[in-house]
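Student: Here it is, the structure in full.
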Amino acid sequence: MKILLLSHSFYPAIGGIESISEMLAEEFIAAGHEVHLLTRTKFDQQEIFSYQIIRDPGFFTIVKSILWCDVIFENNLSLRMSWPNVFLRKPLITGIQTWIADNKGKAKLLNMMKKFWIRTSTVLVACSEAVRKGTYDRAIVIGNPYNEKIFKKDPSVTVKKDFVFLGRLVSDKGAGLALEAFKYFAAEHKGSSLTIIGSGPEQEGLEAKVKLYGLEQLVVFAGALRGQQIVDILNRHTYLLVPSMWREPFGIVALEGLACGCIPIVSDGGGLPEAVGEAGLVFKRGDADDLYRQMSAVYADPKLRLKLEQASDEQLRRHSSRYVAQDYINVFEKFFKYRR
1 MKILLLSHSF YPAIGGIESI SEMLAEEFIA AGHEVHLLTR TKFDQQEIFS YQIIRDPGFF
61 TIVKSILWCD VIFENNLSLR MSWPNVFLRK PLITGIQTWI ADNKGKAKLL NMMKKFWIRT
121 STVLVACSEA VRKGTYDRAI VIGNPYNEKI FKKDPSVTVK KDFVFLGRLV SDKGAGLALE
181 AFKYFAAEHK GSSLTIIGSG PEQEGLEAKV KLYGLEQLVV FAGALRGQQI VDILNRHTYL
241 LVPSMWREPF GIVALEGLAC GCIPIVSDGG GLPEAVGEAG LVFKRGDADD LYRQMSAVYA
301 DPKLRLKLEQ ASDEQLRRHS SRYVAQDYIN VFEKFFKYRR
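FYI, UniProt numbering numbers position 245 of the sequence shown as 245, with every residue one higher than the one before it.
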């Protein structure tokens, strides 16, 4: 099958959509399919991928690519690259990776256009049940993959610290909430620890709170890390805090922590509860007291920890890049065979 993958942003840009497009393209190739990837991201060095990448394509290049393929996979809306298919009518599978609305829930003109456009797709695939309900209830749901080649357990690690936060230090990600809950936890559990991975505009304010709370010996700011550095630190912690104030469409970070042996404790907004499944704990979004209660409960209950750990293998299997790619391939083949 000839798959045309549209990814508005791609390597060397860094982000969730970029990494998902890369993982799925590689798995489509491994499954024996041909892949051409169109992106608006420019790159003036030699490509490092085994499939053809066409960067910043013009109109005729887009048309030629659509005529070449059997199916189009649009990984999140890419109107500037997908609109010619209105006339060429190839099967178009559109992945919805985020909410199609502004943060206040009021659809602006662009979002109205997007909501109209998604109805022209052959199939819509939402990354979570939460996104399906929030965008288009006729969409099907295929959860996002994590990179199992990078994020995995290190069996050599035997001694672990307690809690770790991974994310941008901005209000939406909830590092301040994690710190507030940890303040309560540390008051009852002497010698406990919290590591904060990330950087951002809230860092100075968070550091000031650490001093105000008297937690300088317990909280470590690790800074912005990448790749194996993140994997190494996650492996050295027992619990991952994902206290997002924003309703995350999915939440791959929870799977990455799970893959490195952490028990995730996530807020109940958006797709985060789906990302952890039965392998993590969920607390009320924005509620530091409830986060503290969940932290205390799992810390004190070895049977609960064992139950969560036993559920992790199946949760990770269903979100491996190969498993998720096969879910997409099954959808592609349905419409490819129908056209034949």
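Here a beta-carbon is modelled for each residue, glycine too, at the ideal position from N, C-alpha and C. Every value quoted in this text rests on a predicted model; they were computed, and no experiment measured them.
Beta strand (DSSP E) containing Ala126: first to last residue?
Tutor: Val123 to Ala126
Student: Have a look at Val35, Ser128 and Tyr51 and flag the residue whose alpha-carbon is nearest the alpha-carbon of Gly251.
Tutor: Ser128
Student: Answer yes or no: the CB of Arg317 versus the heavy atoms of the ligand SAM, is any distance below 6 Å?
Tutor: Looking at this structure, you won't find the ligand SAM or any other ligand, since it has none at all.
Student: Around the Cβ of Ile14, are there at least 16 other Cβ atoms within 10 angstroms (buried) or fewer (exposed)?
Tutor: exposed
Student: How many Å lie between Asp232 and Ile53 at the Cα?
Tutor: Looking at the backbone, the Cα of Asp232 and that of Ile53 are separated by about 32 Å.
Student: Kindly identify the DSSP beta-bridge partner or partners of His237.
Tutor: Lys161
Student: I need the DSSP call for residue 421, collapsed to helix, strand or coil.
Tutor: As shown, the chain starts at 1 and ends at 340. That puts residue 421 outside it, with no answer to give.
Student: Which of the three DSSP states, helix, strand or coil, is assigned to Val282?
Tutor: strand
Student: Which of the three DSSP states is assigned to Arg55 in this structure?
Tutor: strand
Student: By Cβ distance, which residues of its chain are closer than 8 Å to Gln315, with the 5 residues on each side in sequence left out?
Tutor: Leu255, Leu258, Val276, Gly277, Glu278 and Ala279
Student: Going along the chain, which residues of its own chain have a beta-carbon closer than 6 Å to the beta-carbon of Leu145, five neighbours each way excluded?
Tutor: According to the sequence shown, residue 145 is Pro rather than Leu. Within the same chain, Pro145 has close Cβ partners Met23, His319, Ser321 and Val324.
Student: Taking Val159 and Val331 to be in contact with their CB atoms under 8 Å, please state how far apart those CB atoms are, rounded to whole angstroms.
Tutor: About 45 Å separates the Cβ atoms of Val159 and Val331, ruling out a contact at the 8 Å cut-off.
Student: Could you pull out every unbroken beta strand (DSSP E) segment of at least 3 residues lying fully inside the segment 173-236, listed in chain order?
Tutor: 194-197 and 219-223
Student: Within 10 Å of its beta-carbon, does Arg132 have 16 or more other beta-carbons around it, so buried, or fewer, so exposed?
Tutor: buried
Student: Give me, in chain order, the residues of the same chain whose beta-carbon lies closer than 8 Å to that of Glu216; leave out the 5 immediate sequence neighbours on both sides.
Tutor: Within its own chain, the residues whose Cβ lies closer than 8 Å to the Cβ of Glu216, once the five positions on either side in sequence are excluded, are Val210, listed in chain order.
Student: Return the CA-CA distance between Asn142 and Val123, expressed in angstroms with no decimal places.
Tutor: Just to set this straight, residue 142 is Ile in the shown sequence, not Asn. Taking the straight line from one Cα to the other gives about 12 Å.
Student: Sorted by chain position, which residues of the same chain lie with C-beta nearer than 8 Å to Trp68's C-beta, five sequence neighbours on each side aside?
Tutor: Lys2, Leu4 and His36
Student: When you compare only the Cα positions, how much space is there between Ser50 and Gly223?
Tutor: 33 Å
Student: Given that a residue counts as buried once 16 or more other Cβ atoms are within 10 Å of its Cβ, and exposed if not, what is Ala300?
Tutor: exposed
Student: Within the continuous alpha helix (DSSP H) that includes Gly16, where are the two ends?
Tutor: Gly16 to Ala30
Student: Going by beta carbon distance, what residues of the same chain come within less than 7 Å of Phe283, once the five residues before and after it are set aside?
Tutor: Excluding sequence neighbours, Phe283 sits near Ile265, Ser267, Asp268, Asp290, Leu291 and Gln294.
Student: Along the chain, where does the alpha helix (DSSP H) that runs through Asn111 open and close?
Tutor: Leu109 to Ile118
Student: Is it buried or exposed for Asn103, if we count other Cβ within 10 angstroms and need 16 for buried?
Tutor: The pLDDT assigned to Asn103 is 48, lower than 50, so where the model puts this residue is not dependable, and the model offers no usable value.
Student: Could you spell out where the alpha helix (DSSP H) holding Val131 opens and where it closes?
Tutor: Start and end: Glu129 to Thr135.
Student: Rounded to the nearest angstrom, what separates Leu212 and Ala181 at their Cα positions?
Tutor: Note on geometry: alpha-carbon atoms of Leu212 and Ala181 lie some 14 Å from one another.
Student: With C-beta atoms as the reference, is Pro249 less than 7 Å away from Leu177?
Tutor: no
Student: So if DSSP puts residue 344 in a beta bridge, which residue, or which two residues, is it bridged to?
Tutor: Outside the shown range of the chain, which is 1 to 340, sits residue 344, and nothing can be said about it.
Student: Since Asn85 contacts Val157 with CB under 8 Å, what's their CB separation in whole angstroms?
Tutor: Actually they are not in contact, since the Cβ atoms of Asn85 and Val157 sit about 49 Å apart, beyond 8 Å.
Student: Any idea what DSSP makes of Ser321, helix, strand or coil?
Tutor: DSSP, read as helix, strand or coil, puts Ser321 in helix.
Student: Rounding to the nearest angstrom, what Cα-Cα distance links Ile48 and Tyr11 in this structure?
Tutor: 10 Å
Student: Give the secondary structure of Val170 by DSSP, where H, G and I count as helix, E and B as strand, and everything else as coil.
Tutor: coil
Student: Tell me the DSSP secondary structure of Gly271 in three-state form.
Tutor: coil
Student: Which two residues bound the contiguous beta strand (DSSP E) that contains Phe73?
Tutor: Val71 to Asn75
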